[in-house]
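Mind the numbering: the sequence shown is residues 61 to 255 in the working numbering, read in order. Report on one structure; see the data block that follows.
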Amino acid sequence: MDSYKTISEKKTGEGYITEKRSKFLAFAHHVDTTDDVKDLVAMYRKKYYDARHVCWAYMLGPEKKDFRANDDGEPSSTAGKPILGQINSRELTNILVVVIRYFGGVLLGTSGLIVAYREAASAAIDDAVIEERLVEDIITYTFTYPMMNDVMRIVKDMQPRIVSQTFDNTCEIRLAIRKSQSEALKAKLSKLSFE
Numbered sequence: 061m062d063s064y065k066t067i068s069e070k071k072t073g074e075g076y077i078t079e080k081r082s083k084f085l086a087f088a089h090h091v092d093t094t095d096d097v098k099d100l101v102a103m104y105r106k107k108y109y110d111a112r113h114v115c116w117a118y119m120l121g122p123e124k125k126d127f128r129a130n131d132d133g134e135p136s137s138t139a140g141k142p143i144l145g146q147i148n149s150r151e152l153t154n155i156l157v158v159v160i161r162y163f164g165g166v167l168l169g170t171s172g173l174i175v176a177y178r179e180a181a182s183a184a185i186d187d188a189v190i191e192e193r194l195v196e197d198i199i200t201y202t203f204t205y206p207m208m209n210d211v212m213r214i215v216k217d218m219q220p221r222i223v224s225q226t227f228d229n230t231c232e233i234r235l236a237i238r239k240s241q242s243e244a245l246k247a248k249l250s251k252l253s254f255e
C-alpha cells in the first residue's frame, strides 16, 4: 500500500449543526504528528474556553495505526468514537477533527449525542479538500561530478521527486519516490557506482 487519503493543509474543513439548542462547531485539520494534534486541541480549548465540551479524534500514518478519540466529559463513546467513525468511513489519515459543543440546556441522550457528533464531524470533513498522497521513501545518493549525466538519466526515467541536490566535487541528491519503486531506484543508482 503506497498511497493514502488525507485532507489538504490549505483549507480547514468547517461544519456547524444545532440539535435541541446545543451548538456543535466542527473543524477538520491536516496533521502530521501528535504534537500538531496537541497544539490544535489546546488552541481550540483556549479559543472556545466557554464551551462545555471540546471533543476530538485523530488518525495518523499511512498504516492508520496511530489514532485516538476523546469524549471530553461527554458520556463514554458518544463523541470521540463517532468522530473517529467518520474519519474511518472515509478512509482518511493525518487528520484531526475537533467538535466543540455549547450546551443548549436540553439533554440529548446517548443516541442523540452520537448522531450530533457524527453529523458535525461529517460536515467538517465534507467542507475539507480530500487528497490522495503517495507513501514515499527518501533516498540520498552521493556521487562524483562526472557521473552527473548517468544519475540524471535515471531520475528522468524513474521520475522521483527531487527533494534537494548539491553539485560540487562530490555531489549529493535526495530523491523521494513511491515506496513500491524505491528498491528499483536504489538498485539502478548503486549499479552506477560500480560501472
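A virtual CB, placed ideally from N, CA and C, is assigned to each residue, including glycine. It should be emphasised that the depicted structure is a prediction, and the values quoted were computed from it without experimental measurement.
Selection from the options that minimises the alpha carbon distance to residue i
i, options, result
"Ala176", "Ser68, Asp197, Phe127, Ala139", "Ala139"
"Asp132", "Ile160, Asp187, Ala88, Tyr201", "Ile160"
"Asp228", "Gly73, Pro206, Glu69, Ser82", "Pro206"
"Leu167", "Lys83, Ser253, Glu123", "Lys83"
"Glu191", "Thr94, Tyr76, Arg150", "Arg150"
"Leu100", "Ala88, Ala111, Asp110", "Ala88"
"Arg105", "Lys124, Leu120, Leu85", "Leu85"
"Arg178", "Ile147, Ala188, Tyr162, Ile233", "Ile147"
"Asp110", "Arg81, Lys70, Asp210, Phe163", "Phe163"
"Ala183", "Lys71, Thr72, Tyr76", "Tyr76"
"Gly165", "Glu69, Thr78, Phe254", "Thr78"
"Leu173", "Thr72, Lys107, Lys80", "Lys80"
"Leu249", "Thr226, Thr202, Thr94, Gln225", "Thr202"
"Gly169", "Ser136, Lys216, Ile199", "Ser136"
"Ile233", "Gln241, Glu243, Ile214, Ala244", "Ile214"
"Ala247", "Ala102, Asn209, Ile199", "Ile199"
"Glu134", "Val157, Ser171, Gly121", "Ser171"
"Arg128", "Glu196, Val158, Met208, Asn209", "Val158"
"Trp116", "Leu245, Lys125, Lys124, Gly145", "Gly145"
"Thr226", "Asn130, Thr204, Lys216", "Thr204"
"His113", "Leu120, Ala102, Pro122", "Ala102"
"Leu120", "Asn130, Tyr108, Lys98, Thr94", "Thr94"
"Ala244", "Asp197, Thr230, Asn209, Asn130", "Asp197"
"Ala181", "Lys141, Lys216, Asp126", "Lys141"
"Cys231", "Asn209, Phe254, Lys125", "Asn209"
Supposed close pair residue i, residue j - CB separation, criterion 8 angstroms
i, j, result
"Leu194", "Asp62", "6 angstroms"
"Ile67", "Ile143", "With 8 angstroms as the limit, Ile67 and Ile143 do not qualify as a contact, their Cβ atoms being about 14 angstroms apart."
"Lys64", "Val91", "A quick correction: the sequence has Tyr, not Lys, at residue 64. Contact flag wrong, Cβ pair sits at about 13 angstroms."
"Val211", "Leu152", "No, Val211 and Leu152 are not in contact; Cβ-Cβ is about 37 angstroms, not under 8 angstroms."
"Asp187", "Glu69", "That belief does not hold up - the Cβ atoms of Asp187 and Glu69 are roughly 15 angstroms apart, past 8 angstroms."
"Lys71", "Val189", "5 angstroms"
Beta bridge counterpart(s) of residue i as assigned by DSSP
i, result
"Gly133", "DSSP output for Gly133 lists no bridge partner at all."
"Ser63", "Leu194"
"Met119", "Phe127, Ile155"
"Ala114", "Correcting the residue identity first, residue 114 is Val in this sequence and not Ala. Per DSSP, Ile160."
"Tyr108", "Answer by DSSP bridge pairing: none, since Tyr108 is not bridged."
"Gly51", "With the chain running from 61 to 255 in the structure shown, residue 51 is simply not present."
"Phe84", "Ile77, Arg161"
Chain D contact for residue i (CB, 7 angstroms cutoff)
i, result
"Lys98", "The structure shown contains no chain D; it is built from a single protein chain."
**Message:** Contact between the segment 237-245 and the segment 213-221 is defined here as three or more beta-carbon pairs at a separation below 8 angstroms; is this criterion met?
**Reply:** Short answer: they touch.
**beta strand (DSSP E) runs wholly inside the segment 171-248, at least 3 long, in chain order** = 190-194, 196-204, 221-226, 230-238
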